[in-house]
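Below: the structure, in structure tokens.
There are 4 protein chains.
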Amino acid sequence: MSSQFRTVALIGKFPNAQGGTPAEILRDIAQTIEGQNCQVILDEMTAQASALSDWPVRSLEHIGQHADLAVVVGGDGTMLATARQLARFDIPLIGINQGRLGFITDVPLAEQAQVLPAMLRGEYSEERRTMLAVRVEREGQLIFQTTAMNEVVVNRGSRAGLLELRVEIDGHFVANYRGDGLIVATPTGSTAYSLSAGGPLMHPHLGGFCLVPIAPNNLSNRPLALANTASIVLEMIAGREASANFDMQSLANLQHGDRVRLERAEQSPRLLHPKGWSYYDTLREKLHWNQHNCA
Amino acid sequence: MSSQFRTVALIGKFPNAQGGTPAEILRDIAQTIEGQNCQVILDEMTAQASALSDWPVRSLEHIGQHADLAVVVGGDGTMLATARQLARFDIPLIGINQGRLGFITDVPLAEQAQVLPAMLRGEYSEERRTMLAVRVEREGQLIFQTTAMNEVVVNRGSRAGLLELRVEIDGHFVANYRGDGLIVATPTGSTAYSLSAGGPLMHPHLGGFCLVPIAPNNLSNRPLALANTASIVLEMIAGREASANFDMQSLANLQHGDRVRLERAEQSPRLLHPKGWSYYDTLREKLHWNQHNCA
Amino acid sequence: MSSQFRTVALIGKFPNAQGGTPAEILRDIAQTIEGQNCQVILDEMTAQASALSDWPVRSLEHIGQHADLAVVVGGDGTMLATARQLARFDIPLIGINQGRLGFITDVPLAEQAQVLPAMLRGEYSEERRTMLAVRVEREGQLIFQTTAMNEVVVNRGSRAGLLELRVEIDGHFVANYRGDGLIVATPTGSTAYSLSAGGPLMHPHLGGFCLVPIAPNNLSNRPLALANTASIVLEMIAGREASANFDMQSLANLQHGDRVRLERAEQSPRLLHPKGWSYYDTLREKLHWNQHNCA
Amino acid sequence: MSSQFRTVALIGKFPNAQGGTPAEILRDIAQTIEGQNCQVILDEMTAQASALSDWPVRSLEHIGQHADLAVVVGGDGTMLATARQLARFDIPLIGINQGRLGFITDVPLAEQAQVLPAMLRGEYSEERRTMLAVRVEREGQLIFQTTAMNEVVVNRGSRAGLLELRVEIDGHFVANYRGDGLIVATPTGSTAYSLSAGGPLMHPHLGGFCLVPIAPNNLSNRPLALANTASIVLEMIAGREASANFDMQSLANLQHGDRVRLERAEQSPRLLHPKGWSYYDTLREKLHWNQHNCA
Numbered sequence: 043m044s045s046q047f048r049t050v051a052l053i054g055k056f057p058n059a060q061g062g063t064p065a066e067i068l069r070d071i072a073q074t075i076e077g078q079n080c081q082v083i084l085d086e087m088t089a090q091a092s093a094l095s096d097w098p099v100r101s102l103e104h105i106g107q108h109a110d111l112a113v114v115v116g117g118d119g120t121m122l123a124t125a126r127q128l129a130r131f132d133i134p135l136i137g138i139n140q141g142r143l144g145f146i147t148d149v150p151l152a153e154q155a156q157v158l159p160a161m162l163r164g165e166y167s168e169e170r171r172t173m174l175a176v177r178v179e180r181e182g183q184l185i186f187q188t189t190a191m192n193e194v195v196v197n198r199g200s201r202a203g204l205l206e207l208r209v210e211i212d213g214h215f216v217a218n219y220r221g222d223g224l225i226v227a228t229p230t231g232s233t234a235y236s237l238s239a240g241g242p243l244m245h246p247h248l249g250g251f252c253l254v255p256i257a258p259n260n261l262s263n264r265p266l267a268l269a270n271t272a273s274i275v276l277e278m279i280a281g282r283e284a285s286a287n288f289d290m291q292s293l294a295n296l297q298h299g300d301r302v303r304l305e306r307a308e309q310s311p312r313l314l315h316p317k318g319w320s321y322y323d324t325l326r327e328k329l330h331w332n333q334h335n336c337a
Numbered sequence: 043m044s045s046q047f048r049t050v051a052l053i054g055k056f057p058n059a060q061g062g063t064p065a066e067i068l069r070d071i072a073q074t075i076e077g078q079n080c081q082v083i084l085d086e087m088t089a090q091a092s093a094l095s096d097w098p099v100r101s102l103e104h105i106g107q108h109a110d111l112a113v114v115v116g117g118d119g120t121m122l123a124t125a126r127q128l129a130r131f132d133i134p135l136i137g138i139n140q141g142r143l144g145f146i147t148d149v150p151l152a153e154q155a156q157v158l159p160a161m162l163r164g165e166y167s168e169e170r171r172t173m174l175a176v177r178v179e180r181e182g183q184l185i186f187q188t189t190a191m192n193e194v195v196v197n198r199g200s201r202a203g204l205l206e207l208r209v210e211i212d213g214h215f216v217a218n219y220r221g222d223g224l225i226v227a228t229p230t231g232s233t234a235y236s237l238s239a240g241g242p243l244m245h246p247h248l249g250g251f252c253l254v255p256i257a258p259n260n261l262s263n264r265p266l267a268l269a270n271t272a273s274i275v276l277e278m279i280a281g282r283e284a285s286a287n288f289d290m291q292s293l294a295n296l297q298h299g300d301r302v303r304l305e306r307a308e309q310s311p312r313l314l315h316p317k318g319w320s321y322y323d324t325l326r327e328k329l330h331w332n333q334h335n336c337a
Numbered sequence: 043m044s045s046q047f048r049t050v051a052l053i054g055k056f057p058n059a060q061g062g063t064p065a066e067i068l069r070d071i072a073q074t075i076e077g078q079n080c081q082v083i084l085d086e087m088t089a090q091a092s093a094l095s096d097w098p099v100r101s102l103e104h105i106g107q108h109a110d111l112a113v114v115v116g117g118d119g120t121m122l123a124t125a126r127q128l129a130r131f132d133i134p135l136i137g138i139n140q141g142r143l144g145f146i147t148d149v150p151l152a153e154q155a156q157v158l159p160a161m162l163r164g165e166y167s168e169e170r171r172t173m174l175a176v177r178v179e180r181e182g183q184l185i186f187q188t189t190a191m192n193e194v195v196v197n198r199g200s201r202a203g204l205l206e207l208r209v210e211i212d213g214h215f216v217a218n219y220r221g222d223g224l225i226v227a228t229p230t231g232s233t234a235y236s237l238s239a240g241g242p243l244m245h246p247h248l249g250g251f252c253l254v255p256i257a258p259n260n261l262s263n264r265p266l267a268l269a270n271t272a273s274i275v276l277e278m279i280a281g282r283e284a285s286a287n288f289d290m291q292s293l294a295n296l297q298h299g300d301r302v303r304l305e306r307a308e309q310s311p312r313l314l315h316p317k318g319w320s321y322y323d324t325l326r327e328k329l330h331w332n333q334h335n336c337a
Numbered sequence: 043m044s045s046q047f048r049t050v051a052l053i054g055k056f057p058n059a060q061g062g063t064p065a066e067i068l069r070d071i072a073q074t075i076e077g078q079n080c081q082v083i084l085d086e087m088t089a090q091a092s093a094l095s096d097w098p099v100r101s102l103e104h105i106g107q108h109a110d111l112a113v114v115v116g117g118d119g120t121m122l123a124t125a126r127q128l129a130r131f132d133i134p135l136i137g138i139n140q141g142r143l144g145f146i147t148d149v150p151l152a153e154q155a156q157v158l159p160a161m162l163r164g165e166y167s168e169e170r171r172t173m174l175a176v177r178v179e180r181e182g183q184l185i186f187q188t189t190a191m192n193e194v195v196v197n198r199g200s201r202a203g204l205l206e207l208r209v210e211i212d213g214h215f216v217a218n219y220r221g222d223g224l225i226v227a228t229p230t231g232s233t234a235y236s237l238s239a240g241g242p243l244m245h246p247h248l249g250g251f252c253l254v255p256i257a258p259n260n261l262s263n264r265p266l267a268l269a270n271t272a273s274i275v276l277e278m279i280a281g282r283e284a285s286a287n288f289d290m291q292s293l294a295n296l297q298h299g300d301r302v303r304l305e306r307a308e309q310s311p312r313l314l315h316p317k318g319w320s321y322y323d324t325l326r327e328k329l330h331w332n333q334h335n336c337a
């Protein structure tokens with residue numbers, strides 16, 4: 043049985059101080075893919091960082107338009123950014139973790155030669171992840187627009203006093219939240235910053251969003267999980283040096299009256315998991331649920 | 043414009059030490075309903091507790107089969123129990139709170155004469171609330187079966203040591219939870235016990251369930267929100283004097299190996315809210331979000 | 043019986059956009075004090091903001107050296123700042139709250155005429171509050187030094203990634219804390235920011251400090267209460283735009299390797315409470331413990 | 043240099059289904075102790091469970107009166123119970139953990155041959171742990187009296203509704219706590235049940251107690267840390283099947299009006315730690331502070 047995917051793009055870790063994904067790792071994975079009679083194309087940033095030129099080098103835009111699958115090597119950060127950028131092309135993604143297990147990079151690098159061939163032949167489960175569509179308005183004008191796959195955060199400056207945000211959902215006033223800030227997380231983001239701030243874990247199949255206050259002044263301002271259809275507006279009422287953060291992007295110096303409008307994005311990245319993969323296995327391993335803490 | 047509802051059942055507060063709903067209150071509401079040319083029928087337990095006999099007295103079963111609407115007077119407890127019992131008849135309910143505002147009894151008694159007529163004429167918003175279908179199995183045999191609208195709780199006896207529950211969702215092992223117990227809450231139950239134990243608020247439109255550990259031994263056993271489609275199994279692994287609780291019902295002496303199976307119930311109670319009612323207004327008022335706590 | 047205190051300083055609210063303490067309020071209180079045969083002296087900033095000149099006007103320094111008591115009118119913020127500034131003079135303070143009840147301004151303005159005379163005659167209970175002595179070192183050099191009565195906070199910039207702090211107590215390595223930051227709170231500060239971040243309430247008689255992580259990456263990094271004798275070092279390991287905050291003061295742009303050294307300050311402000319005052323009454327009222335939240 | 047301790051008692055793990063401490067382990071440790079010219083005596087329950095008779099066998103009472111040191115082998119549970127029982131004799135204890143590291147059994151069994159000799163020669167640090175003295179009164183009569191080293195818990199029955207406790211400290215009303223129950227923990231108990239319920243870690247040098255509500259109905263009923271001198275009264279106001287638990291002991295069927303009085307016990311067990319032992323090392327290892335949780 044041959045692969046479901048004719049053209050497979052290979053995308054490595056974003057190069058940082060420690061470098062990107064090494065050429066030998068990319069070469070191994072490319073060979074695994076070719077072994078299933080797929081054509082490999084290489085992301086241009088990945089090619090540049092690794093000095094690889096054995097396969098056709100293409101832009102992310104081209105990959106989105108022409109590849110049938112993207113195999114992403116790195117950590118959750120690389121996967122998150124790639125999924126967000128490719129979301130509008132509706133191309134499925136497989137995440138291979140270079141280091142320790144990731145929440146969305148679930149194929150261990152050491153097992154790629156066993157796992158990838160089966161997945162390319164169709165042995166996978168597919169899961170769509172919701173994203174947030176964000177629009178920031180100032181005095182009625184749109185000043186920023188983006189999408190976020192993990193979360194949107196509005197928070198105060200490090201030397202500033204309390205931030206106050208007026209929250210409205212579906213046209214209804216919810217509350218003025220005072221504290222360090224507010225997180226609006228997707229299920230994908232529910233294992234990240236939101237969890238640190240006291241938010242619940244949200245299974246991807248549930249969908250929806252969670253509004254999680256950071257160090258709220260009012261002790262009953264608890265996390266609030268909302269349906270996918272919710273339209274959320276966060277309006278700056280008080281606070282200095284506040285900023286809005288969208289996954290890894292930032293908008294500094296929010297001003298009094300600025301409004302951050304959030305709703306479900308039209309696109310929803312497609313993740314492919316190996317057969318037998320379980321969300322709960324990942325939670326259990328990443329969150330150390332097999333260990334005891336208290337005496 | 044006349045009422046959408048021809049026959050309207052009137053159900054009062056469950057009689058306790060302080061008595062049920064007084065006759066004069068029921069009489070006032072009945073007159074409001076009749077004023078909209080609806081026929082009033084009276085729940086038999088309500089009739090008995092209030093010694094009222096001005097309207098036809100009917101069993102809850104009869105009400106379910108023949109009434110077009112049930113008006114419930116009392117607190118959230120009365121509403122919850124009534125909604126659960128009437129769920130299989132798919133009859134809509136309006137909740138009138140006798141005391142302070144409830145999460146699901148949102149018409150203040152003092153405003154019934156203004157609010158009910160408009161609702162009877164069709165000025166309302168309808169909302170369905172999910173329930174849990176529960177089956178308890180011992181050695182492969184079904185020993186108990188019920189539904190719960192707020193939550194299902196498995197917890198340890200007051201003098202017993204840690205309870206240990208093995209949790210499986212959709213056939214996948216999740217974790218062994220050790221602690222005082224586990225709550226599985228609906229969105230309706232998310233403002234009740236689940237909230238006290240650290241669970242998130244869940245908007246009814248989100249649906250789904252939340253698995254909330256009570257005083258968990260493992261500090262990263264955090265609340266986990268799941269889709270409506272989840273099939274949950276809680277299996278007793280260790281613990282004495284444990285019991286399972288379903289809204290106000292109880293099953294004592296759970297034994298090693300007992301399995302509590304949970305999934306979405308087929309029925310989902312229909313709540314009617316007055317026009318302009320907002321879930322967020324209720325949260326804000328009940329949880330005192332307008333007050334400051336910290337200095 | 044006459045007053046224990048011969049010279050009593052009167053200090054008003056720090057003037058802000060809404061102004062300081064109005065002249066008529068200060069005049070009323072001054073007259074109450076004089077009614078006990080005490081000599082009133084007026085803080086110079088208070089005199090300037092209120093345009094009052096009926097009493098001798100003195101610097102805070104002079105007040106510290108010569109007054110037997112300071113009566114502070116305003117909110118907890120004014121009281122906190124005044125107590126900190128006067129701490130080295132060991133002068134007792136009485137807090138009169140201009141608005142709602144404060145945690146440390148416990149005489150309601152409306153009751154000053156009844157309450158103050160009794161206190162001046164010796165009917166009070168005295169309580170000492172511990173403060174933190176702070177020294178910030180960069181490359182071995184002391185670059186900042188201050189005291190804090192509520193808390194010391196080291197936190198990340200609003201657009202920066204995780205902050206990482208290496209914590210050492212009494213020369214023992216504790217942990218590297220990763221997250222939004224760390225709070226070290228006194229019992230006085232335990233009802234403020236620390237509480238929002240999940241820290242415990244600490245009774246002033248307990249003394250000690252509490253180390254409270256803000257949105258920690260590690261879910262078992264829980265608040266840690268320490269003895270008064272603890273010597274705490276927070277060292278910047280990673281993070282950008284971090285700052286250190288001490289009550290209302292700030293030190294921006296902490297750098298990699300900077301060390302914040304904390305220990306109990308030698309001075310401990312003396313607060314006088316009216317007879318019958320109870321810390322628990324204040325907690326109960328401020329934290330709304332008389333209200334119910336969950337259904 | 044010879045041992046500071048002439049007579050050293052050896053006490054093994056309480057025998058359970060898996061047995062107590064095996065004879066060969068006890069024999070190894072006894073030989074280590076004898077190697078320092080100390081006389082070994084064996085606890086009678088330990089002797090019986092292990093069938094050892096090579097050393098004089100003595101009651102715990104005799105050990106308390108005549109031994110200079112007790113070496114306890116097992117887990118924290120064994121150590122806790124032994125320390126509590128020997129507290130009135132003021133004898134120092136060393137804890138050897140048979141399994142994984144304990145919070146108060148800090149000498150690994152595998153290292154006893156290296157660590158014990160040094161400790162017997164005086165290379166140790168000593169730490170006193172506070173205990174709670176408990177008296178339960180019904181209708182003014184004392185009905186139960188004990189001490190607790192970890193915590194005192196009053197909690198509701200598994201099928202009962204909310205428990206309500208009226209709390210008074212030093213004669214001042216604090217609040218009526220409604221929920222699953224209340225924990226009053228010592229610093230030793232702060233790493234146990236109290237931590238699961240949301241209480242802070244409390245360093246033993248801080249002393250004091252922490253009042254920790256379990257799943258409180260009121261969301262601002264947060265943990266409250268109190269001074270050693272606090273005198274605490276918990277009075278049953280409402281609830282069925284409630285019980286009071288003191289470390290491993292229980293008092294069932296608390297009744298309306300029953301009062302649990304708590305204050306610092308006169309005795310405070312003495313723990314000896316090996317030189318270089320650090321409380322923070324234990325916390326870090328037991329609570330997995332070296333691991334990352336969130337993405």
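Chain order of the listed sequences is E, W, A and P.
Using our numbering, the letters of the first sequence correspond one by one to residues 43 to 337.
Using our numbering, the letters of the second sequence correspond one by one to residues 43 to 337.
Using our numbering, the letters of the third sequence correspond one by one to residues 43 to 337.
Using our numbering, the letters of the fourth sequence correspond one by one to residues 43 to 337.
Idealized CB from N, CA, C, for every residue including glycine.
Within chain E, the C-beta atoms nearer than 9 Å to that of Pro-258 (chain A) come from Ser-238, in chain order. Out of W:Asn-270, W:Arg-130, W:Asn-260, W:Met-161, the CA that lies nearest to the CA of Gln-309 (chain W) is found in W:Arg-130. The continuous beta strand (DSSP E) containing Ile-225 (chain P) extends over residues 223-227. Listed along chain E is no residue with a C-beta nearer than 8 Å to that of Val-195 (chain W); the closest approach is about 17 Å.
Unbroken alpha helix (DSSP H) stretches of 4 residues or longer found wholly inside the segment 268-295 of chain A: none. Interface flag for Ser-320 (chain W) against chain E is set, since a Cβ pair is found closer than 8 Å. Proximity of Arg-198 (chain A) to chain E, defined by a Cβ-Cβ separation below 8 Å, is satisfied. The alpha carbon of Phe-251 (chain A) has as its nearest neighbour, out of A:Arg-198, A:Arg-306, A:Phe-215, the alpha carbon of A:Arg-306. Arg-220 (chain P) and Ile-211 (chain P) have their C-alpha atoms spaced approximately 17 Å apart. With a 10 Å radius around the Cβ and a threshold of 16 neighbouring Cβ atoms, Arg-48 (chain W) comes out exposed. In the three-state reduction of the DSSP assignment, Thr-120 (chain E) falls in the helix class.
According to the DSSP secondary-structure assignment, Cys-252 (chain P) is paired through a beta bridge with P:Ala-227, P:Ala-267. Contact between the segment 315-328 of chain A and the segment 89-98 of chain P is not established, with fewer than three Cβ pairs separated by less than 8 Å. Boundaries of the beta strand (DSSP E) around Thr-49 (chain A): 49-53. For Pro-265 (chain W), the residues of chain E that pass the 9 Å Cβ criterion are Gly-241, Pro-242, Leu-243, Pro-265, in the order they occur in the chain. By the neighbour-count criterion, in which 16 or more other beta carbons inside 10 Å mark a residue as buried, His-245 (chain P) falls on the buried side.
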